[in-house]
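Chemist: In my numbering, the protein residues as written are 1 to 100.
All C-beta atoms in this analysis are idealised placements derived from N, C-alpha and C, irrespective of residue type, glycine included.
If you're wondering where the values come from, they're calculated on a predicted model, not measured in any experiment.
First the structure, then my questions, so here it is.
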Amino acid sequence: MSSVQLITRLISSETGLSSEKLRTGNLADHEWKQLNVKVSSLEKAPLFIDDTPSLSIFDLRAKARRLSSQYGIKLIVVDYLQLMTTGSSNKSGNRSKKYL
1 MSSVQLITRL ISSETGLSSE KLRTGNLADH EWKQLNVKVS SLEKAPLFID DTPSLSIFDL
61 RAKARRLSSQ YGIKLIVVDY LQLMTTGSSN KSGNRSKKYL
């Protein structure tokens, strides 16, 4: 899922507005106000979304360490872990998971 899709889902969840309404912009005045309030608070949230394709476990570790030292990140969530690569020629899924 792309970062745009994730943000749209997050905003939809926070506002209670459907993704369709957000996508089309077909909102009532009170919904626009609600959207502005929630988006303003989300802009201040320490949230980083990285949708880099074919990210290796080692690249993720380096990015995680950098974000942790720069911003004090305490939690990292990885979606579609099975799509990550080890950076080696070994394509075994079981072997890939041992690096975590």
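Quick one, are the C-beta atoms of Leu42 and Leu17 less than 8 Å apart?
Modeler: Not a contact, by the Cβ cut-off of 8 Å.
Chemist: Cβ of Thr8 within 8 Å of Cβ of Leu27?
Modeler: No.
Chemist: Going by DSSP in three states, Thr85 sits in which element: helix, strand or coil?
Modeler: Thr85 falls in the strand class under three-state DSSP.
Chemist: Determine, for Lys33, whether the minimum Cβ-Cβ distance to residues of chain C falls below 8 Å.
Modeler: Here there is only one protein chain, and chain C is not present.
Chemist: Leaving out the 5 sequence neighbours to the left and right, which residues in its chain are closer than 8 Å to Glu31 when beta-carbon positions are compared?
Modeler: Closer than 8 Å at Cβ, skipping near neighbours: Thr15, Leu17 and Lys21.
Chemist: To the nearest angstrom, how far is the alpha carbon of Leu81 from that of Gln34?
Modeler: In a straight line, the C-alpha of Leu81 is about 34 Å away from that of Gln34.
Chemist: Excluding the 5 residues preceding and the 5 following Met84 in the sequence, name in chain order all residues of the same chain whose CB lies nearer than 8 Å to its CB.
Modeler: These residues qualify, in order along the chain: Leu55, Ser56, Ile57, Leu60, Val78 and Ser96.
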